[in-house]
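Numbering-wise, the sequence shown is residues -21 to -1, 1 to 500 according to mature numbering (1 follows the signal peptide of the UniProt record, and there is no 0). Quick reminder that beta carbons are idealized off the backbone N, C-alpha and C, glycines included. A short worksheet on the structure shown next.
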Amino acid sequence: MSRLLMTGTAALALMAGTAQADYTLHVIHINDLHSRIEPINKYDSTCGAEDNAAGECFGGYARVATKIAELREELSGENVLVLDAGDQYQGSLMYTTYKGDVEIEMMEKIGFDVMAVGNHEFDDGPEGLVKLLDGVSFPVISGNLDVSQSNVLSGKLDNHAVIEVGGARIGIISALATDTAETSSPGEAVIFQDEIESLRADVETLQSEGVDKIIALTHVGVRKDMEIAESVAGVDLVVGGHSHTLFSNTEEGAMAYPTMVGDVPVVQAYAYSKYVGHLVLTFDDAGNVTEASGDTILLDASVEEDEEIVARVAELAGPIEEMKTRVVAEAAEAINGDRAVCRAMECTMGNLVADAMLARVKDQGIDVAIQNGGGLRASIDAGEVTMGEVITVLPFQNTLSTFQVSGATLLEALENGVGQVADGAGRFPQVAGMSFTVDLGQEPGSRISDVRIGGAPLDPEQTYGVVSNNYVRNGGDGYGMFRDAENAYDYGPDLADVTAEYLAENAPYQPYTDGRITVKE
């Protein structure tokens, strides 16, 4: 980056002479809640009632609502914006059962000012996004989507929003990751445009209307957010999502809150309702940021739950409680499905799911299993394993898909899988029945080596039987090479059911890694 990248709570010495800043804005924000309507445990999975009563849980919408209400009360008379950087949808039985109705109800209860479209808002097609757009009373925006050819979305989605706060007009622009067609289901009629170019165009539009305070509310991931902060002139703040990145001045290993790119602060608040971000911006008379400070707030047991929401969530949970609490197995140790691990290297959750897939169909002439790391959405703690926990790990209702491809195609698939590790993309391949070595320092096409299937070297000319999920088989996460596979069958059992049954058959399940994936340093 050509600009200086600074980190830490920032006070920017950008004021000339004795000019005084004259406008302060409090930005409260969340991102990637992923249907964590109920409290979560330390593994980001649904937390049990007993653990919640014992003070061992985090987040959930009742705590999010309490904290945002507290901040609004504390800041009464101040200038406040409450923003959501996308991905309310998908990730728990609440979404599986109610398909967005609960998220919409909770967002309306809190009263957000603006939301960005996340990729998972398309998980049930453009119709799922329309339900959200029609269901909330605040703007939901995305600036780099051309929906003019979409029968259901045309005319419904705005590029940007302008919110008046304390007499000042605040422009909010947005962009969604351009690989959403690979990670969700927007349909062919939704056209994705370059994030940077579309944001620049929206800045120009707002500036031509006299708006001089502009926030980019994005769902593109932290690396792209840094690029936006550097490359899009006129943006005063980037509030991001998608990469589930924790910005914090107190949590070890987190990025500083805010992280400064030149004079532009960038923030994000992890995911799953665990944190709320609070940034304080001061602008001078010309609309330039002169000071930026704040932090994320951990929503632990010290944050009281909103009683009205607790009661409503209990009512909503009633029809699914029996299935959710049914014990299906026991785990001897915690099974690690951490996003940072499973999208970059072999992980115990990846081995569990891939092993379960392969075991189910091994007698059908299937040699290997491939599970995208991004499809693993939580960890499971030691002890009793409930069906609710399994579905939180595997919430997408994917089915087993079996098919045949050549060894050369398998190698191409592995290369795709390791292609965006630095971005934390979900395509990293968790596997069974095979092993391979990854060297991310090599050029694309040369990063995968020593591929062995059933202990024998991969033969590019040989045909292999593969089991994956229907999302990957149909080209999700960049696996387009599987779309034309031979003898494809996409209608196997639900992946969560397969995994639960495998856990039961191997109880108490002992998580493990065995070196099937070697990542060279």
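Per DSSP, the unbroken alpha helix (DSSP H) holding E300 starts and ends at 286 to 304.
In the displayed model, P105 falls within a helix according to three-state DSSP. Shortest Cα-Cα distance from V282 to any of G38, Y77, E294 involves G38.
Between G220 and A435, the alpha-carbon positions lie close to 42 Å from each other.
By the Cβ criterion, the segment 116 to 128 is in contact with the segment 168 to 179, since at least three pairs of Cβ atoms, one from each stretch, lie closer than 8 Å.
The three-state reading of DSSP puts F461 in helix, counting H, G and I together. Looking at the DSSP output, S272 sits in a beta bridge with V259.
Going by C-alpha positions, D469 is about 7 Å away from T381.
Its Cα nearest to that of H99, the residue G405 stands out among G405, G398, Q421, N395. Note that the C-beta distance between D92 and L136 is not below 7 Å. When C-alpha distances from G455 are compared across S163, G256, A467, V369, the shortest belongs to S163.
Taking each of V332, V347, M366 in turn and checking the Cα distance to G353, the smallest one comes out for V332. For E363, the enclosing beta strand (DSSP E) covers residues 362 to 365.
The beta carbon of K110 sits closer than 6 Å to the beta carbons of G79 from its chain, once the five residues preceding and following it are set aside; these are given in chain order. The beta carbons of D402 and T416 sit no closer together than 7 Å. Apart from sequence neighbours up to five positions away, no residue of its chain approaches E287 with a beta-carbon distance below 7 Å.
DSSP, read as helix, strand or coil, puts L278 in coil. Here I345 carries a coil assignment [DSSP, helix/strand/coil]. Uninterrupted alpha helix (DSSP H) stretches at least 4 residues long and entirely within the segment 165 to 222 occur at 174 to 187, 201 to 210, given in chain order. For D80, the three-state secondary structure derived from DSSP is helix. The residue among E17, P423, M234, C326 with its C-alpha nearest the C-alpha of V245 is M234. Runs of the beta strand (DSSP E) spanning 3 or more residues and lying entirely within the segment 43 to 92 occur at 59 to 63, in chain order.
DSSP places Y481 in the uninterrupted alpha helix (DSSP H) bounded by 474 to 484.
For M328, there is no enclosing beta strand (DSSP E); the residue is part of the alpha helix (DSSP H) that begins and ends at 327 to 340. Within the same chain, N138, H139, I152, S153, A154, S177, L178, D181 come within 7 Å of G122 by CB-CB distance, once the 5 residues on both sides are set aside. A direct Cα-to-Cα measurement between Y2 and A357 gives close to 41 Å.
Taken in chain order, the complete beta strand (DSSP E) segments of 3 or more residues contained in the segment 370 to 415 are 379 to 385, 408 to 411.
Our two residues, L12 and G97, have alpha carbons roughly 11 Å apart in a direct line.
Using a Cβ distance threshold of 7 Å, V259 and S272 count as a contacting pair. For R431, no alpha helix (DSSP H) segment is defined; the enclosing uninterrupted segment is the beta strand (DSSP E) at 427 to 432. Secondary-structure assignment with DSSP links P436 through a beta bridge to R431. Within 10 angstroms of the beta-carbon of Y443 lie 16 or more other beta-carbons, which makes it buried. Counting along the chain, V245 sits inside the beta strand (DSSP E) bounded by residues 243 to 246. The DSSP-derived three-state label of Y443 is strand. With fewer than 16 other Cβ atoms inside 10 Å of its own Cβ, A293 counts as exposed. A Cβ-Cβ contact shorter than 7 Å links H198 with A64.
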